[in-house]
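According to this note's numbering, the sequence shown is numbered sequentially starting from 12.
Below: the structure, in structure tokens.
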Amino acid sequence: METNKRLGKTQLFWFYVQAQIGIGILSLPYSLYKEAQTDGWISLLISAILVQIAIFVLWLLHKRFPNDHLFSICEKILGVFAGKVLTLIYIAYFIYTAALVLKNFTQLIVIWILTKTPEPVFMALIIITCLPLLLSTLDQKARMFVLTAPLILLIPIVMIGGFFHNADFLNLLPIGVTEPKALMKGTLAASFAINGYIVMSLIFPYVKATAAEKIKVVSLAHWVVTFIYLFNCCRCLLHVI
């Protein structure tokens, strides 16, 4: 499979960041506290470490098949039939994840903002809004992500303003008292918020960089995203009444 190397390292960085940051940044603090209480941030770090391992495995596959994306790699390793079956499973997973994100986002709007508007209305509007980006080329998507990067950078900047105001650092205590089972449940909840990493296996072949540069860029982006999520979760804990 011949690929056209048309994405730069900066585009790869922001592609990953924007694939990871979504509605989960609003819902994750509650999900973590619900499962792991004040140790929810530990669950987030565990999930981040597991995702880093998964990224490394995907990178090793890419290093072995530098000109192939995940779907074609599946066919080469497992054979055409089994590879296509696994590809269909991945596609179903992507559709399910997108549907779940859409559902969570519309529910958030209905519950907190426009309570009398039916959910299907918001779903239709969001889908219509996403269609131009969905139908665009890979490099157009990457340019769009770089263009909107300042909006992502505003998240930690805005949060810093309220981080120390009326914050009670005792809310982070006690530390390390949550049962392992609860921590694992929190880790599972966190993994949904940062599951966009698998997209990298589809765009690695199109990036103009060495294999070593790609893993460095994606790893940096991953921990930047983890910091933003961790910062947000801790900010919410500090202001619990």
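Don't be surprised by glycine CBs; every beta carbon is placed ideally from N, CA and C.
Residue burial classification, residue i (beta-carbon count within 10 angstroms, cutoff 16)
{"i": "Glu13", "result": "Here Glu13 scores only 46 on pLDDT, less than 50, and its place in the model is too uncertain to base an answer on."}
{"i": "Ser54", "result": "buried"}
{"i": "Trp25", "result": "buried"}
{"i": "Val132", "result": "exposed"}
{"i": "Ile168", "result": "exposed"}
{"i": "Glu130", "result": "exposed"}
Where residue i sits in the DSSP three-state scheme
{"i": "Leu125", "result": "coil"}
{"i": "Leu146", "result": "coil"}
{"i": "Leu18", "result": "strand"}
{"i": "Asn78", "result": "coil"}
{"i": "Thr159", "result": "coil"}
{"i": "Asn206", "result": "coil"}
{"i": "Asn243", "result": "helix"}
{"i": "Val235", "result": "helix"}
{"i": "Asp50", "result": "helix"}
{"i": "Val188", "result": "coil"}
{"i": "Gly197", "result": "helix"}
{"i": "Asn177", "result": "coil"}
{"i": "Gly94", "result": "helix"}
{"i": "Ile137", "result": "helix"}
{"i": "Ile34", "result": "coil"}
Residues sharing a beta bridge with residue i, DSSP
{"i": "Val218", "result": "Leu18"}
Same chain only: Cβ atoms within 8 Å of residue i, ignoring 5 sequence neighbours per side
{"i": "Phe82", "result": "Gly94, Thr98, Tyr101 and Leu213"}
{"i": "Leu69", "result": "Leu81, Tyr208, Ile209, Met211, Ser212 and Phe215"}
{"i": "Phe76", "result": "Ser83, Ile84 and Lys87"}
{"i": "Ile66", "result": "Tyr208, Met211, Ile226, Val229, Ser230 and His233"}
6 Å Cβ shell around residue i - same chain, five flanking residues per side excluded
{"i": "Asp50", "result": "Thr189"}
Same chain only: Cβ atoms within 7 Å of residue i, ignoring 5 sequence neighbours per side
{"i": "Ser42", "result": "Ala200"}
{"i": "Ala9", "result": "For the chain, the structure presents residues 12 to 252; residue 9 sits outside this window and is missing."}
Residue i beta carbon near the ligand FAD (any heavy atom closer than 8 Å)
{"i": "Ile36", "result": "Inclusion of the ligand FAD in the displayed structure is not the case, the ligand content being empty and no account of it being possible."}
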